[in-house]
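If you read the sequence shown in the working numbering, its first letter stands for residue -10, the second for the next number, and so on. Just so it is clear, CB atoms sit at the ideal spot from N, CA and C, and this is done for glycine as well.
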Amino acid sequence: MCLICDRIGMIKNGTNPYFVRELETGYVVIGDHQHFYGYTLFLYKHHENITELFQLGKEERLKFLEEMSLVAEATSKAFGAEKMNYELLGMGDAHLHWHLNPRRKGDIGNYGNNGAGPVWWYPMEKMYSDDNRPSTEELESMKDKLRIELEKLI
Ligand SMILES: [Zn+2]
């Protein structure tokens, strides 16, 4: 009963349209909603009893963090971020996964602290509106852009 395990299952059987690339410790996927254009996730490969970074062995933890950083750099270059935001949350799905959001000035409108603040200060119903879902063509184009930048760094 984990949405992320379900999505990884779809990657493994070739039916996840958001899948970009497999790395050693995780999978790179484009986010379902693109209010923050270029929103990308990096999903840790395993779940089982692991729900915290500090539960990983040191070598695995450093590799996961290094790969997340590479994904963030590729995302920034592919989609033209002014600043990257990195978040590992997990009260919804405890499965380790990074939210990598390219940020640009004005992207939360006047919400937050006069337009400044984390992505989560933008109203959920706007962030997750169907208007923000990429079309099939947009999604393919985004995946290509991100793959090209990832290949340069790996
Ligand atoms: Zn899971």
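Proximity to residue i [Cα-Cα], best of the options
| i | options | result |
| --- | --- | --- |
| C(-6) | S58, F68 and Y16 | Y16 |
| A83 | E13, V9, D133 and N38 | N38 |
| L89 | E49, M73 and K66 | M73 |
| Y26 | L45, K132 and G81 | K132 |
| R10 | L32, G101 and E127 | L32 |
| M57 | P107, L128, K34 and G69 | K34 |
| R93 | M(-10), G3, Y28 and T4 | Y28 |
Rounded C-alpha distance that separates residue i from residue j
| i | j | result |
| --- | --- | --- |
| I137 | T40 | 31 Å |
| E76 | K1 | 25 Å |
| G20 | L135 | 12 Å |
| R122 | H22 | 5 Å |
| M(-1) | H24 | 24 Å |
| T7 | T64 | Position check: residue 7 holds Tyr in this sequence, whereas Thr was assumed. In a straight line, the C-alpha of Y7 is about 14 Å away from that of T64. |
| G153 | W109 | Absent from the structure is residue 153, since the part of the chain shown begins at -10 and ends at 143. |
| V60 | A105 | 24 Å |
| R50 | E62 | 18 Å |
| N102 | A70 | 20 Å |
| G81 | L(-8) | 9 Å |
| D119 | Y111 | 15 Å |
| T4 | L78 | 26 Å |
Per-residue DSSP class, three states only, for residue i
| i | result |
| --- | --- |
| N121 | helix |
| L42 | helix |
- [ ] Can you list the residues near ligand 1, meaning Cβ strictly closer than 6 Å to any non-hydrogen atom, in the order they appear in the chain?
- [x] C(-9), I(-7), C(-6), H36 and H84
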